[in-house]
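Please read the structure below before turning to the comments.
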Amino acid sequence: GAGVSQSPSNKVTEKGKDVELRCDPISGHTALYWYRQSLGQGLEFLIYFQGNSAPDKSGLPSDRFSAERTGGSVSTLTIQRTQQEDSAVYLCASSPLPSEPQHFGDGTRLSIL
Amino acid sequence: GQSLEQPSEVTAVEGAIVQMNCTYQTSGFYGLSWYQQHDGGAPTFLSYNALDGLEETGRFSSFLSRSDSYGYLLLQELQMKDSASYFCAVTGGGNKLTFGTGTQLKVEL
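Same order as they appear, the protein sequences are chains Z and X. So for the first sequence, my numbering puts the first residue at 1111; every next one is plus one. So for the second sequence, my numbering puts the first residue at 5; every next one is plus one.
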């Protein structure tokens, strides 16, 4: 059984470029979450998808951030016009139901030059 | 909103018992979770308490007191591989997890 898969594992890009991060949740998991973790810090909630419901976007730090989840499975997090403060590890998690333990991917380490 | 406090660092010797505390302030509360994260790795789920009391899973135990807005993670028979960061997280309204800043556990010989 595959776990949560994220790609790319590392991404280095120039300030001002757009980036797309991908998350493949565990098959059958209805809930999908995106978090951001800066070095030595805790996890900062970004966005949450549950089934076909409208996503909870309350954690997105600015309108440069957006995410979608197609067909209730794969999700992409897009950051437009990247800034240096966007440098962090972006983690995706999924759970069978929202109230159940979350399973995390290994994350995408994003570095903005 | 939610806020959680954890000590930043704890050091203990191999074979010992260590307790890592978590206090929280929350506008909605469904349960307290604990996650372990090794350097460069993904967080992994350890335990979840929805009700007051102690939950035991092998060498790991987690405690919750909702009236005190307090919980702790207890690790027994410490091993070097237990060196990692440990995060508590509150499940609040909307089924979102709010994480603490984590406790870095260092296990020494």
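We put the CB at the ideal spot given by N, CA and C, even for glycine.
Exposure of residue i, with buried meaning 16 or more beta-carbon neighbours within 10 Å
i	result
residue 1157 of chain Z	buried
residue 21 of chain X	exposed
residue 62 of chain X	exposed
residue 1146 of chain Z	buried
residue 19 of chain X	exposed
residue 1194 of chain Z	exposed
residue 24 of chain X	buried
residue 1128 of chain Z	exposed
residue 1162 of chain Z	exposed
residue 69 of chain X	exposed
residue 106 of chain X	buried
residue 1192 of chain Z	buried
residue 1208 of chain Z	buried
Cross-chain neighbours of residue i in chain X, by beta carbon under 9 angstroms
i	result
residue 1201 of chain Z	46 and 47
residue 1155 of chain Z	100, 101, 102 and 103
residue 1175 of chain Z	Within 9 angstroms Cβ-Cβ: nothing; residue 1175 of chain Z doesn't reach chain X, min ~16 angstroms.
residue 1166 of chain Z	98, 99 and 100
Contacts that residue i makes with chain Z (C-beta to C-beta distance below 7 angstroms)
i	result
residue 52 of chain X	1211
Contacts of residue i in chain X (Cβ-Cβ under 7 angstroms)
i	result
residue 1208 of chain Z	99
residue 1152 of chain Z	91, 103, 104, 105 and 106
Other residues of its chain near residue i: CB distance less than 6 angstroms, five sequence neighbours each side excluded
i	result
residue 1120 of chain Z	1219
residue 1159 of chain Z	1142, 1165 and 1179
residue 74 of chain X	27
residue 80 of chain X	21 and 63
Sheet register partners of residue i (DSSP bridge)
i	result
residue 110 of chain X	X:15
residue 1120 of chain Z	Z:1219
residue 70 of chain X	None; residue 70 of chain X has no bridge partner.
residue 93 of chain X	X:37 and X:103
residue 1134 of chain Z	Z:1115
residue 75 of chain X	X:26 and X:68
residue 1166 of chain Z	Z:1158
residue 1147 of chain Z	Z:1153 and Z:1199
residue 1142 of chain Z	Z:1159 and Z:1204
residue 1185 of chain Z	Z:1133 and Z:1179
residue 51 of chain X	X:38
Close beta carbons around residue i, own chain, < 8 angstroms, minus the five adjacent residues each side
i	result
residue 93 of chain X	8, 36, 37, 38, 39, 101, 102, 103 and 104
residue 96 of chain X	6, 30, 31, 32, 33, 34 and 102
residue 1113 of chain Z	1136, 1213 and 1215
Residue i: first and last residue of the uninterrupted beta strand (DSSP E) it sits in
i	result
residue 1128 of chain Z	Premise fails: residue 1128 of chain Z is in no beta strand (DSSP E) and is neither H nor E.
residue 1155 of chain Z	1153 to 1160
residue 8 of chain X	7 to 9
residue 24 of chain X	22 to 29
residue 1198 of chain Z	1198 to 1205
residue 1191 of chain Z	Here residue 1191 of chain Z belongs to no beta strand (DSSP E), and DSSP marks it neither H nor E.
residue 57 of chain X	57 to 61
Close Cβ partners of residue i (< 7 angstroms) along its chain, the five nearest in sequence each way excluded
i	result
residue 42 of chain X	88
residue 1122 of chain Z	1221 and 1223
residue 1205 of chain Z	1139, 1141, 1211, 1212 and 1213
Contact set between residue i and chain Z, taken where Cβ atoms lie within less than 8 angstroms
i	result
residue 95 of chain X	1209
residue 34 of chain X	1209
Chain X contact residues for residue i, given Cβ-Cβ distances below 8 angstroms
i	result
residue 1215 of chain Z	46
Neighbouring residues, chain Z, relative to residue i (Cβ below 9 angstroms)
i	result
residue 37 of chain X	1211 and 1212
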